[in-house]
Amino acid sequence: MNDTLVSFAKDFLAGGISAAISKTAVAPIERVKLLLQVQHASKQITADKQYKGIMDCVVRIPKEQGFLSFWRGNLANVIRYFPTQALNFAFKDKYKKVFLDGVDKRTQFWRYFAGNLASGGAAGATSLCFVYPLDFARTRLAADVGKAGAGREFSGLGDCLVKIFKSDGLKGLYQGFNVSVQGIIIYRAAYFGIYDTAKGMLPDPKNTHIVVSWMIAQTVTAVAGLTSYPFDTVRRRMMMQSGRKGAEIMYTGTIDCWRKIARDEGGKAFFKGAWSNVLRGMGGAFVLVLYDELKKVWCMLSELQMTG
Numbered sequence: 001m002n003d004t005l006v007s008f009a010k011d012f013l014a015g016g017i018s019a020a021i022s023k024t025a026v027a028p029i030e031r032v033k034l035l036l037q038v039q040h041a042s043k044q045i046t047a048d049k050q051y052k053g054i055m056d057c058v059v060r061i062p063k064e065q066g067f068l069s070f071w072r073g074n075l076a077n078v079i080r081y082f083p084t085q086a087l088n089f090a091f092k093d094k095y096k097k098v099f100l101d102g103v104d105k106r107t108q109f110w111r112y113f114a115g116n117l118a119s120g121g122a123a124g125a126t127s128l129c130f131v132y133p134l135d136f137a138r139t140r141l142a143a144d145v146g147k148a149g150a151g152r153e154f155s156g157l158g159d160c161l162v163k164i165f166k167s168d169g170l171k172g173l174y175q176g177f178n179v180s181v182q183g184i185i186i187y188r189a190a191y192f193g194i195y196d197t198a199k200g201m202l203p204d205p206k207n208t209h210i211v212v213s214w215m216i217a218q219t220v221t222a223v224a225g226l227t228s229y230p231f232d233t234v235r236r237r238m239m240m241q242s243g244r245k246g247a248e249i250m251y252t253g254t255i256d257c258w259r260k261i262a263r264d265e266g267g268k269a270f271f272k273g274a275w276s277n278v279l280r281g282m283g284g285a286f287v288l289v290l291y292d293e294l295k296k297v298w299c300m301l302s303e304l305q306m307t308g
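Listed below in structure tokens is the structure:
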């Protein structure tokens with residue numbers, strides 16, 4: 001039991017530290033991506049003030065809101081991302097035991113692949129249940145384009161959570177949850193499933209060169225991100241509905257959101273900010289590789305302690 005708890009704690013810590021570092025590094029890209037996704041559903045951004053693309057967004061943010069506003073919502077993101085990623089990694093290994101126990105990856109490739117998809121998807125969905133309000137707050141803070149002071153919709157993480165809870169209750173903090181679960185299962189299934197399957201097919205997975213691991217991880221994060229991106233766009237738009245009343249409500253539900261985006265903005269609208277998402281994916285790839293390297297270090301330290 002003690003060994004299990006120690007292993008779980010190591011997974012939790014390695015995943016969380018890796019995620020916090022990489023997320024802070026790519027926070028400006030993350031904010032650009034979010035603004036491009038939700039600007040059509042924002043009360044603060046009028047039609048004539050909407051960003052034309054990635055570069056227009058990058059140039060205007062520091063001019064209009066200050067350079068540090070690139071990291072607006074990052075604290076909530078780090079707080080959210082630490083348990084999210086750590087729980088994903090920790091539960092992934094537990095779910096792998098459930099779905100892959102007794103499966104030979106060499107002779108039962110498709111069974112092995114399906115098991116990895118299932119374990120990745122289940123891990124993502126499980127952790128999302130716990131941290132969704134933080135993800136919601138991060139989105140709303142990043143979408144807040146007001147200047148410091150009275151122009152801001154929310155003054156910070158606590159203010160955002162309290163205002164929405166008072167206005168809409170717990171339901172408001174879980175706006176877009178259903179489509180989020182759908183998207184997260186698709187994303188995590190590819191993210192962990194393909195990565196673990198690819199690494200598992202290598203001659204010596206535990207001693208794979210870090211460059212090879214990074215290339216695999218980069219490909220996986222790009223493919224997984226683009227595959228699930230329309231779901232992410234819809235869930236972000238739904239998050240923007242919380243706190244609105246009457247005529248201010250743009251979408252009556254998730255299906256209505258899908259329909260109106262396709263009808264009013266076209267299919268391309270589902271992928272707004274997708275290129276910045278691919279760049280942001282480099283941070284995700286770095287997390288996967290760093291997590292593996294941290295686990296190797298811990299294994300070496302454990303072996304040294306046992307021999308010492």
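Each residue of the sequence shown is one higher than the last, beginning at 1 in full-length UniProt numbering.
We put the beta carbon where it would ideally sit given N, CA and C, even for glycine.
How far does the alpha helix (DSSP H) with residue i in it extend, from its first residue to its last?
i: Gln65; result: 54-65
i: Arg72; result: Neither: Arg72 is in no alpha helix (DSSP H) and is coded neither H nor E.
i: Arg244; result: That residue, Arg244, is in no alpha helix (DSSP H); it is neither H nor E in DSSP.
i: Lys272; result: That residue, Lys272, is in no alpha helix (DSSP H); it is neither H nor E in DSSP.
i: Lys10; result: 2-25
Helix, strand or coil: which one does DSSP assign to residue i?
i: His209; result: coil
i: Pro203; result: coil
i: Tyr51; result: coil
i: Lys171; result: helix
i: Ile45; result: coil
i: Tyr251; result: coil
i: Met238; result: helix
i: Gly183; result: helix
i: Gly267; result: helix
i: Leu176; result: Reading off the sequence shown, one finds Gly at residue 176, where the question assumed Leu. Reduced to three states, the DSSP call for Gly176 is coil.
Does the separation of the CB atoms of residue i and residue j fall below 9 angstroms?
i: Ala224; j: Ile194; result: yes
i: Phe109; j: Val179; result: no
i: Leu87; j: Ala137; result: no
i: Val211; j: Leu202; result: no
i: Gly73; j: Leu36; result: no
i: Tyr81; j: Ala25; result: no
i: Ala269; j: Thr233; result: yes
i: Gly120; j: Lys92; result: yes
i: Arg237; j: Gly183; result: no
i: Thr227; j: Ala190; result: yes
i: Ala41; j: Tyr251; result: yes
i: Gln242; j: Ser167; result: Here residue 242 is Ser; the residue named in the question, Gln, does not match the sequence. Yes, the Cβ-Cβ distance between Ser242 and Ser167 is below 9 angstroms.
i: Phe89; j: Ala123; result: yes
i: Tyr95; j: Val103; result: no
i: Ala143; j: Met55; result: no
i: Thr84; j: Asp135; result: yes
i: Ala222; j: Val145; result: no
i: Lys295; j: Gly200; result: no
Could you pull out every unbroken alpha helix (DSSP H) segment of at least 4 residues lying fully inside the stretch 89-164, listed in chain order?
Counting only runs of 4 or more, we get 109-142.
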